[in-house]
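**Student:**
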Amino acid sequence: MIYLLSVYLKFFGTIILVGLINPLSFIPAVVASSGMLFLRYRFAPCSRDLKRLVGTTRSPVYSQLTSTIHRLKVIRSYHAENISSKEFHSHLDNNTRVAYLMATLNRWSAMRFDWVSLIFIALVIILAIIVRISQHQFSTVEITLTLTYSISLMDIFQWTIRQSVEVETQMTSVERVLEYCSLDQELSIQRRPAKYRPPTNWPSQGCIVFENVSMSHSKESYTQLALHHISLVIKPSEKIGIVGRTGAGKSSFIQTLFRMGTLVDGRIIIDNIDIVTIGLDDVRRRISVIPQDPVLFTGTMRSNLDPFGLYSDAEIWNVLEQIQLKTLVTDRMSNGLHSLVSESGSNLSVGQKQLVCLARAILKKNKILVIDEATGNVDNVTDELIQKAIRDKFKECTVLTVAHRLRTVIDSDRIMVLSNGMLVEFDSPQVLLSNVKSHFTLLAERTGTTEAEYLRTLANSPESYKRWKQETANLDEESKLETTEMDPFVS
């Protein structure tokens, strides 16, 4: 911007100097200025829009390149090199097309600016010759000086126009920044009025009420709803299983609880407080979650377990001992709680990362816990350890479990069946399985006749469920022992 101002000052200084030498030069200067301003009027909007398109089409190229590098082993394993290459070339072609248009637009404008400059210089020469012949006012030195500054004037004028267009084009980046700056922001906890802050022990019971809730993932359009008019009451300390086909709305239901979607209609009330009336940080900090893909951050083990530094070392060690992670931290990590965790927890196994997320949830002591198929990617021993910890440590809490395997939630108090974003069934597994036409029974039947019968047995007999859990844990232990005996490299 400062450079552009200096160019403007140089331009006006030169045009005044040329006018003082030959006042008639103002006439072609006005004509040339009008022509260049007209070209700028045509050139600037196109350049601005193309610059925006260049940035838009460049992002998929970088995204595709990054994802290809991260999933290189998978691509090679499935011999999908051609597919990945075609996707990359498609994104690159889109970006190249726009970049080519940008280059041709610059050439188009440069040619026309040169034509205007030639016309201006030609007019100055003609006027100087006419005045020289008719009035004998100008000396050869003055004519030469006029032509020299006229050529310099056109160069400066072209550069001024180009710089002004470039500034306007680059302001598209500022537009994006301003869009983010204009987003509505919540008041911080310290500045938020007391009436918008829940009690410190909220939620104390864990009662969840959905009143005619409809949710959309888009803020602009409410025509495509992810959830349709869901009404339900989840009692305190109740264990709820959430099942349904892919795209049924299981994840959308959880996102709504964390206020991650747009609430189109209805209310969500937790312990007599509408979650829309309080801050996002209050809602999300008071609900614990154990995700399907465990999330760990680069840092120490302590910062992953207690990011805000709210708990003592003794409390953290106590929780680690309860979930059998203390041995890992003390024996395999030389610095204990201050041992480093690699990016995304790459120096830990999937089961260990899941246990760290479980320890984080236990430390928070929240009354509501959300589990998104936390045991889907772990062995049966870790599965049993997680399930036991959830039963023992969260028995007084409300637990919502999103399940892709029906056995995971067959011991729940009630099961919520979702279909196309609608709540189609909500009852105990015994009642749902006793109805041969229920959606839950149909889901069970799709797993096979034997599995469906076994699910009925597990649902009707808690002892059978416990026995099944113990058997699967024992089988997993035996398979590990056999693998160790057969493989001399397993220590």
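The numbering used here applies: residue 167 is where the sequence shown begins, and numbers increase by one. Even for Gly, the Cβ is constructed at its ideal location relative to N, Cα and C.
State the Cα-Cα distance for the pair residue 651 and residue 500, rounded to the nearest angstrom.
**Tutor:** Any reading at residue 651 needs caution, since the residue's pLDDT is 39, under 50, leaving its predicted position unreliable; the model's value is listed next. Roughly 29 Å separates the two Cα atoms.
**Student:** Would you mind sorting residue 645 into buried or exposed? The rule is 16 or more other CB atoms within 10 Å of its CB.
**Tutor:** Per-residue confidence for residue 645 stands at a pLDDT of 45, beneath the threshold of 50, marking its modelled position as unreliable; no derived number is given.
**Student:** Can you tell me whether residue 391 is helix, strand or coil according to DSSP?
**Tutor:** Of the three classes helix, strand and coil, the one that applies to residue 391 here is coil, per DSSP.
**Student:** For a quick check, are the C-beta atoms of residue 221 and residue 394 less than 7 Å apart?
**Tutor:** Cβ atoms of residue 221 and residue 394: not closer than 7 Å.
**Student:** Note the first and the last residue of the continuous alpha helix (DSSP H) segment covering residue 609.
**Tutor:** Here the alpha helix (DSSP H) through residue 609 covers 605-612.
**Student:** Could you spell out where the alpha helix (DSSP H) holding residue 217 opens and where it closes?
**Tutor:** Taken as a continuous stretch (DSSP letters only), the alpha helix (DSSP H) holding residue 217 covers 192-236.
**Student:** Please tell me whether residue 568 and residue 538 are closer than 7 Å, where the distance is taken between their beta carbons.
**Tutor:** In this structure, residue 538 lies closer than 7 Å to residue 568 by Cβ.
**Student:** Would you check if the distance between the CB atom of residue 432 and the CB atom of residue 379 is smaller than 7 Å?
**Tutor:** Going by C-beta atoms, residue 432 is nearer than 7 Å to residue 379.
**Student:** How big is the Cα-Cα spacing for residue 281 and residue 254?
**Tutor:** Answer to the nearest angstrom: the Cα atoms are 41 Å apart.
**Student:** What are the complete alpha helix (DSSP H) segments, minimum 4 residues, inside the stretch 557-585?
**Tutor:** Runs of the alpha helix (DSSP H) inside the stretch 557-585: 572-575.
**Student:** Residue 599 by DSSP, collapsed to three states: which one?
**Tutor:** Helix.
**Student:** The beta strand (DSSP E) spanning residue 503 covers which residue range?
**Tutor:** Unbroken run through residue 503: none, as it is neither H nor E.
**Student:** Identify which residue in 608, 563, 557, 577 has its Cα closest to the Cα of residue 584.
**Tutor:** Looking at the Cα atoms, 608 is the closest of the given residues.
**Student:** Could you tell me if residue 337 is buried or exposed, where buried requires 16 or more neighbouring beta carbons within 10 angstroms of its beta carbon?
**Tutor:** Exposed, since its Cβ has fewer than 16 Cβ neighbours within 10 Å.
**Student:** Jot down the residue ranges of each uninterrupted beta strand (DSSP E) in the stretch 446-510, minimum 3 residues, whole runs only, in chain order.
**Tutor:** Complete beta strand (DSSP E) runs here, min 3: 453-456.
**Student:** Going by DSSP, what residue range makes up the alpha helix (DSSP H) through residue 308?
**Tutor:** Where residue 308 is concerned, the enclosing alpha helix (DSSP H) stretches over 306-347.
**Student:** Would you call residue 591 buried or exposed, if buried means 16 or more other Cβ atoms sit within 10 Å of its Cβ?
**Tutor:** Result: buried.
**Student:** Measuring alpha carbon to alpha carbon, tell me which residue in 410, 426, 423, 516 is nearest residue 458.
**Tutor:** For the residues 410, 426, 423, 516, the minimum Cα distance to residue 458 belongs to 516.
**Student:** State buried or exposed for residue 206, treating a residue as buried only when at least 16 other CB atoms are found within 10 Å of its CB.
**Tutor:** So residue 206 ends up on the buried side.
**Student:** Among residues of its own chain, excluding the 5 on either side of residue 317, which ones have a beta-carbon nearer than 7 Å to its beta-carbon?
**Tutor:** The residues are 287.
**Student:** From residue 649 to residue 547, what does the alpha carbon distance come to, in whole angstroms?
**Tutor:** Note that residue 649 scores a pLDDT of 35, beneath 50, so its modelled location is shaky; the value from the coordinates is reported in the next line. One C-alpha to the other measures close to 15 Å.
**Student:** According to DSSP, is residue 280 part of a helix, a strand, or is it coil?
**Tutor:** In this structure, residue 280 counts as helix in the three-state DSSP scheme.
**Student:** Mind checking whether residue 225 and residue 335 have CB atoms under 7 Å apart?
**Tutor:** No, the pair does not count as a contact, with Cβ atoms beyond the cut-off.
**Student:** For the stretch 556-565 and the stretch 398-405, state whether three or more C-beta atom pairs, one from each stretch, are separated by less than 8 Å.
**Tutor:** Touching, per the Cβ criterion.
**Student:** Between the Cα of residue 184 and the Cα atoms of 551, 313, 601, which residue gives the shortest distance?
**Tutor:** Of the listed residues, the one whose Cα sits closest to residue 184 is 313.
**Student:** For residue 320, which option in 561, 434, 289, 298 has the closest C-alpha, if you only look at C-alpha atoms?
**Tutor:** Comparing Cα-Cα distances from residue 320 to each of 561, 434, 289, 298, the minimum goes to 289.
**Student:** Using the Cα positions of residue 364 and residue 441, report the straight-line distance between them to the nearest angstrom.
**Tutor:** When rounded, the distance between both Cα atoms is 9 Å.
**Student:** According to DSSP, residue 409 sits in a beta bridge with which residue or residues?
**Tutor:** BP columns for residue 409 point to 583.
**Student:** Look at residue 535 and residue 594 and say whether their C-beta atoms are less than 7 Å apart.
**Tutor:** Taking 7 Å as the Cβ cut-off, residue 535 and residue 594 do not qualify as a contacting pair.
**Student:** Quick one: grab the DSSP three-state call for residue 415.
**Tutor:** Coil, per DSSP.
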